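Written out below as structure tokens is the structure these notes cover.
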Amino acid sequence: MRRPLGPLFWCLFLPIALVSGASACAPAPSPGAGGQTVSLIVTGGTVVTMDAAGTVIENGAVAIADAAIVAVGTAADVSAKFRAARTIDATGEIILPGLINTHTHAPMVLYRGLADDLALMDWLTKYIFPAEKATVSPEFVRVGTRLAALEMIESGTTTFADMYYFEEEIAKAAIEAGLRGVLGQTIIQFPVADARTPADGLARAERFIEEFKDNGLVVPAVAPHALYTNDRATLVASAELGRKHGVPVIIHFAETEEEVRLAREKFNATPAAYLESIGFWGPNTLAAHAIWVTDDDITILKRHGIGLSHNPESNMKLASGAAPVSKYLAAGVALGLGTDGAASNNDLDMFEAMRQASFLAKHVTKNPTALPARAALDLATVGGARALHMEQRIGSLATGKRADLIVVSMRSARQTPLYDPVSHLVYTTRGDDVRTTIVNGRVLMRDRQVKTLNRDTVIADANRLAAKVREAVR
Ligand SMILES: [Zn+2]
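If you read the sequence shown in the working numbering, its first letter stands for residue 28, the second for the next number, and so on.
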């Protein structure tokens, strides 16, 4: 197996703080020689922990006992203390927290490439809503989510926040695939495939919450689609349902100028101020997009501890605008990164989302120092965890957190030479470079072989349903 760089190179040129005492130049010790027995040790790679200090451990290791991380350190230290039932050698690779996609609609992968190059309202009302009316079913959602899960596992996403219909099918497919999800049952004012009325949708959401609230992988949520697709009573009822069960509330928010214009016209307020006035905002809310906001709106979002999802690719493709990322970060608002559904992106690759987030922030502010690589990587990991109000459990590699991590190859021509792992993760790496994906201590993909889904079946099923989609929008 070829290694891109010799150990000497790493010692001399890695322009990042190495953990003191790290034996960066020593060959990897044979792992698992130590005392306590754990289930898995991932060892020999450069561990980019994403902790607050920015710790990067050359020739590091992560020890995992069942679903939890029990140690992060140098390979030598971990080997001295732990003996593993199973070891994954990550020599020459990067060990990174699993990526967190804070906004998507998993089954919409089945609409990928169906209608491009349109503004949001045209795209939604002329293509997506009619296609959904004709094709969304439990089977559609199940098959679509399996396809999305395959893509997410293959590109290093370990947690996704979702809002769609028949969300229980998404939950079951996520659990089966082994992915972590914050999954919101959609509430919308008009009749949809899984609810004739908002009241039906709310009842369905409550059943969904009760069914999955104690699950180790899935956090159930309620997801009123948007301000412009729900009336006041439905928005309030959705927020109350979330509060009643202590689960997240997810909404599309301030995505277009048109949404702001409508809010000003109907309510004489910005979307943020209106949602505050009706008591919608709560401490466990996730708002996606958040593009068109005033400085006062940012203060409102901060005051209520709202988590935000920034979706640069979808926002650029639909020409919705650019969220004021630097302002949010300066204000200390919890900000994560999302792909949005694959119909407006058109993939679920969080590495691409990081890169585009950084480029877009620089472009709109005319400032090349805006959203540097480290900040973009933060959005996709610990920032996402914060936005989902899950920072105690996921987002960085630390003892006690859930064992959600990925191993990323740095061997391609595109990644050579390697001076700074963080730079490469954001500016040259693609989802396809992920070699191994682990969630809750379970290995979902090893050396690009997905263990929890049958790849051929997932793709064949997706193509079978795509024929129905094609027929529906003909
Ligand atoms: Zn969306």
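The beta carbon of each residue, even a glycine, is placed where N, CA and C say it ideally should be. Predicted model only: the values in this text are computed from it and were never measured.
Tell me the DSSP bridge mates of residue i?
{"i": "Phe187", "result": "Asn128 and Gly208"}
{"i": "Ile68", "result": "Ala90 and Thr114"}
{"i": "Ile214", "result": "Pro251"}
{"i": "Ile84", "result": "Val74"}
{"i": "Phe109", "result": "Gln63"}
{"i": "Ile122", "result": "Val74 and Val434"}
{"i": "Ile278", "result": "Ala314"}
{"i": "Ser336", "result": "Ala315 and Gly363"}
{"i": "Ile96", "result": "Ile91"}
{"i": "Arg497", "result": "In DSSP, Arg497 forms no bridge with anything."}
Considering residue i, what are the terminal residues of the beta strand (DSSP E) in which it resides?
{"i": "Asp116", "result": "Thr114 to Asp116"}
{"i": "Gln383", "result": "Premise fails: Gln383 lies in the alpha helix (DSSP H), Met377 to Thr392, not in any beta strand (DSSP E)."}
{"i": "Leu471", "result": "Arg469 to Arg473"}
{"i": "Ser304", "result": "No beta strand (DSSP E) holds Ser304; the alpha helix (DSSP H) holding it covers Pro298 to Ser304."}
{"i": "Arg462", "result": "Val461 to Val466"}
Give the single residue among the options whose Cα lies nearest to the Cα of residue i.
{"i": "Phe217", "options": "Pro251, Ile197, Phe239 and Met77", "result": "Pro251"}
{"i": "Val170", "options": "His272, Pro444 and Ala200", "result": "Ala200"}
{"i": "Phe280", "options": "Asp376, Val263, Lys153 and His337", "result": "His337"}
{"i": "Phe193", "options": "Gly306, Asp221 and Glu181", "result": "Asp221"}
{"i": "Ala358", "options": "Thr261, Leu313 and Ile325", "result": "Ile325"}
{"i": "Ile115", "options": "Asn490, Asp474 and Val485", "result": "Asp474"}
{"i": "Leu289", "options": "Ser423, Asp459 and Asp258", "result": "Asp258"}
{"i": "Glu286", "options": "Gly306, Pro275, Val320 and Asn242", "result": "Val320"}
{"i": "Tyr255", "options": "Gly273, Thr456 and Ile215", "result": "Ile215"}
{"i": "Ser439", "options": "Thr456, Glu195, Pro448 and Ser450", "result": "Thr456"}
{"i": "Asn86", "options": "Ile465, Thr484 and Pro448", "result": "Pro448"}
{"i": "Val409", "options": "Asn128, Arg113 and Asn342", "result": "Asn128"}
{"i": "Gly365", "options": "Lys393, Leu328, Leu406 and Lys389", "result": "Leu406"}
{"i": "Thr172", "options": "Gly208, Asp149 and Asp143", "result": "Gly208"}
{"i": "Leu177", "options": "Val500, Arg501, Thr464 and Val496", "result": "Thr464"}
{"i": "Ala397", "options": "Gly273, Ala264 and Val352", "result": "Val352"}
So, under 8 angstroms CB-CB, residue i and residue j are touching, yes? Tell me the CB distance rounded to an integer number of Å.
{"i": "Ala88", "j": "Val105", "result": "4 angstroms"}
{"i": "Gly468", "j": "Ile91", "result": "5 angstroms"}
{"i": "Glu120", "j": "Val435", "result": "6 angstroms"}
{"i": "Arg110", "j": "Gly62", "result": "7 angstroms"}
{"i": "Ile421", "j": "Val461", "result": "About 17 angstroms separates the two Cβ atoms, so there is no contact after all."}
{"i": "Thr70", "j": "Ile84", "result": "Thr70 to Ile84, Cβ: 11 angstroms. No contact."}
{"i": "Val453", "j": "Leu404", "result": "6 angstroms"}
{"i": "Asp189", "j": "His132", "result": "6 angstroms"}
To the nearest angstrom, how far is the alpha carbon of residue i from that of residue j?
{"i": "Asp374", "j": "Arg139", "result": "8 angstroms"}
{"i": "Leu10", "j": "Ala204", "result": "For residue 10 there is no data in the structure shown, the boundaries of the chain being 28 and 501."}
{"i": "Asp323", "j": "Gln419", "result": "29 angstroms"}
{"i": "Glu340", "j": "Gly81", "result": "27 angstroms"}
{"i": "Ala299", "j": "Arg382", "result": "28 angstroms"}
{"i": "Ala487", "j": "Ala494", "result": "11 angstroms"}
{"i": "Gly4", "j": "Gly427", "result": "Coverage of the chain is limited to positions 28 through 501, which leaves residue 4 absent and any answer about it impossible."}
{"i": "Pro399", "j": "Glu282", "result": "24 angstroms"}
{"i": "Thr185", "j": "Leu206", "result": "6 angstroms"}
{"i": "Ala158", "j": "Arg491", "result": "16 angstroms"}
{"i": "Glu237", "j": "Leu210", "result": "13 angstroms"}
{"i": "Leu504", "j": "Asn295", "result": "The requested residue 504 does not occur in the structure, where the chain is confined to residues 28 to 501."}
{"i": "Ile278", "j": "Thr297", "result": "15 angstroms"}
{"i": "Glu292", "j": "Ser304", "result": "16 angstroms"}
{"i": "Ala266", "j": "Val276", "result": "6 angstroms"}
{"i": "Phe235", "j": "Met417", "result": "20 angstroms"}
{"i": "Ala401", "j": "Met77", "result": "The question names Ala, yet the displayed sequence has Arg at residue 401. Whole-angstrom Cα-Cα distance: 9 angstroms."}
{"i": "Phe239", "j": "Ile333", "result": "23 angstroms"}
{"i": "Lys509", "j": "Ala107", "result": "A question about residue 509 goes unanswered here, because the residues of the chain that appear run from 28 up to 501."}
{"i": "Val477", "j": "Ala361", "result": "32 angstroms"}
{"i": "Tyr301", "j": "Lys329", "result": "15 angstroms"}
{"i": "Pro395", "j": "Leu137", "result": "36 angstroms"}
{"i": "Ile197", "j": "Ser164", "result": "12 angstroms"}
{"i": "Val484", "j": "Gly306", "result": "Here the sequence assigns Thr to residue 484, which means Val is not the residue at that position. Those two C-alpha atoms are separated by around 46 angstroms."}
{"i": "His451", "j": "Met437", "result": "8 angstroms"}
{"i": "Arg413", "j": "Leu244", "result": "17 angstroms"}
{"i": "Arg482", "j": "Ala260", "result": "43 angstroms"}
At what residues does the alpha helix (DSSP H) containing residue i begin and finish?
{"i": "Met502", "result": "In the structure displayed, the chain extends from 28 to 501; residue 502 sits before or after that span and is not available."}
{"i": "Thr326", "result": "Asp322 to Arg330"}
{"i": "Phe193", "result": "That residue, Phe193, is in no alpha helix (DSSP H); it is neither H nor E in DSSP."}
{"i": "Leu452", "result": "Pro448 to Tyr454"}
{"i": "Gly411", "result": "Gly411 to Ala414"}
{"i": "Arg231", "result": "Pro225 to Phe239"}
{"i": "Gly352", "result": "With the sequence shown as reference, residue 352 is identified as Val, and Gly is not the correct amino acid for it. Counting along the chain, the alpha helix (DSSP H) containing Val352 begins and ends at Val352 to Ala358."}
{"i": "Arg291", "result": "Glu284 to Phe294"}
{"i": "Pro157", "result": "Phe156 to Thr162"}
{"i": "Tyr267", "result": "A quick correction: the sequence has Glu, not Tyr, at residue 267. Element bounds for Glu267: Arg259 to His272."}
{"i": "Arg139", "result": "Neither: Arg139 is in no alpha helix (DSSP H) and is coded neither H nor E."}
{"i": "Leu404", "result": "Ala400 to Asp405"}
Would you say the beta carbon of residue i comes nearer than 8 angstroms to a heavy atom of ligand 2?
{"i": "Gly368", "result": "Absence of ligand 2 from the depicted structure is noted, with ligand 1 being the only ligands included."}
Closer than 9 angstroms, CB to CB, is residue i near chain B or not?
{"i": "Ile236", "result": "Judged by its chain identifiers, the structure shown contains no chain B, having just a single protein chain."}
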